[in-house]
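>
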Amino acid sequence: MNVRYLGHSCFEVETSGKKLLFDPYITPNELAKDILVEDIKPDYLLLSHGHQDHVADAERFLEKSDPLLISNYEIVSYFGHKKHKKGHPMNFGGRVKFDFGTVKYVQAVHSSVLPDGTYAGNPGGFVVNSEGKSFYFAGDTALTYDMKLIGEYENLDFAILPIGDNFTMGVDDAVIASQFIQCKKIIGCHYDSFPYIEIDHQKAKRAFENAGKELILMEIGKSLSF
Ligand code: NI
Ligand code: MN
Numbered sequence: 104m105n106v107r108y109l110g111h112s113c114f115e116v117e118t119s120g121k122k123l124l125f126d127p128y129i130t131p132n133e134l135a136k137d138i139l140v141e142d143i144k145p146d147y148l149l150l151s152h153g154h155q156d157h158v159a160d161a162e163r164f165l166e167k168s169d170p171l172l173i174s175n176y177e178i179v180s181y182f183g184h185k186k187h188k189k190g191h192p193m194n195f196g197g198r199v200k201f202d203f204g205t206v207k208y209v210q211a212v213h214s215s216v217l218p219d220g221t222y223a224g225n226p227g228g229f230v231v232n233s234e235g236k237s238f239y240f241a242g243d244t245a246l247t248y249d250m251k252l253i254g255e256y257e258n259l260d261f262a263i264l265p266i267g268d269n270f271t272m273g274v275d276d277a278v279i280a281s282q283f284i285q286c287k288k289i290i291g292c293h294y295d296s297f298p299y300i301e302i303d304h305q306k307a308k309r310a311f312e313n314a315g316k317e318l319i320l321m322e323i324g325k326s327l328s329f
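The opening residue of the sequence shown carries number 104 in this note's numbering; numbering runs sequentially from there.
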C-alpha cells in the first residue's frame, strides 16, 4: 500500500491496483503548487465532508477521471445532481465492500456544508481495509470518545489524523486520539495550510514520542509504503 501526501488533508492511496483519492484541495493550496494535478487519476474519490478545503478539486477529478465517489448520502446526491452519477452513498456505521477492499464510514465531530451552501449531511471519516492492512482517515474532527470503538474493532496499521487545532483537534488531543484508536503510526494532516492552523513540527513530534507514538509529517508530494 502506497500513501502519497498532496497537502492539507489530501492523500492518494494506491492499493490492490486501485487509486483512492481523499479530500482533494490541491489547486487552491499554495503549499501544493508543485503537484501536477493532471497526473492524478483516481479510481475512487472519498470525501469526508463538504467544506471547501476538502472538496475544492472534487468536480475536476469527477469530470476528468470518472472515479466512483464514496461519501455520505447528501454529498453523493449533491454531485449526482451535477451529473456525476457514479457514486456510492453511505452513512455512519456502514461498511461496504469495493474491489480494493472495504470502507466503513465513521463519525466525526465537526460541521459540514458544501461551498454553495447546500446541506452536506454529517461530517465523517473512513476506516479502510485493503491488502490485509487497515487504516483510519479521520477527516476533520475533534477528539471524541467514540474513537475508542475504532480501537476496539480495528487493528490499525496507521491513521491519518488532523493536528492543526482551531478547526479540529490539536496535537495534544490527537495524541489521546492515537491512544483511543490504539495506533502507533500517525500521519498528521490539516496543519500549516492557513495561519490559523500553523504548528511547531518538532514540538508536535515530541508530544507523540512522549506517548510512545510516532507522528509522521509527510512532505507534500512524497510517498510512504505500508
Ligand atoms: Ni471542515
Ligand atoms: Mn477542513
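Heads up, the beta-carbon is just placed ideally off N, CA and C, and yes, glycines get one too.
What you are looking at is a predicted structure, and each value in this text was computed from that prediction instead of being measured.
1) I need the DSSP call for His-157, collapsed to helix, strand or coil.
2) At a threshold of 7 Å, does Ser-214 count as lining the ligand MN (C-beta to nearest heavy atom)?
3) In chain order, what residues of the same chain lie with their CB nearer than 7 Å to the CB of Glu-177, ignoring the 5 residues before and after it?
4) Would you mind working out which of Glu-234, Val-231, Ile-266 and Asp-276 sits nearest Tyr-248, comparing C-alpha positions?
5) Looking at C-beta atoms only, is the number of pairs between the stretch 180-187 and the stretch 139-146 that lie closer than 8 Å three or more?
6) Does chain B have any CB closer than 8 Å to the CB of Pro-127?
7) Would you tell me roughly how many angstroms separate the C-alpha atoms of Gly-291 and Leu-320, rounded to the nearest one?
8) Give me the pocket residues for the ligand MN, defined as CB within less than 7 Å of any heavy atom, sorted by chain position.
9) Taking 7 Å as the cut-off, is the C-beta of His-152 nearer than that to any heavy atom in the ligand NI?
The answer reads as follows:
1) On the sequence shown, position 54 is the one that residue 157 refers to. Helix, per DSSP.
2) If you number the sequence shown from 1, residue 214 lands on position 111. No, the Cβ of Ser-214 stays beyond 7 Å of every heavy atom of the ligand MN.
3) Taking the sequence shown and counting its residues from 1, the one referred to as residue 177 is at position 74. For Glu-177, where only same-chain residues beyond five positions count, the Cβ hits under 7 Å are Tyr-222, Ala-223 and Gly-224.
4) Numbered from its first residue, the sequence shown carries residue 248 at position 145. Measuring from the Cα of Tyr-248, the nearest candidate turns out to be Asp-276.
5) no
6) No chain B is present in this structure, which holds just one protein chain.
7) Counted from its first residue, the sequence shown places residue 291 at position 188. Counted from its first residue, the sequence shown places residue 320 at position 217. Gly-291 and Leu-320: Cα-Cα distance of roughly 6 Å.
8) Ser-112, His-154, Asp-156, His-157, Asp-243, Phe-270, Thr-271 and His-293
9) Taking the first residue of the sequence shown as 1, we reach residue 152 at position 49. It does: the Cβ of His-152 is within 7 Å (strictly closer) of some heavy atom of the ligand NI.
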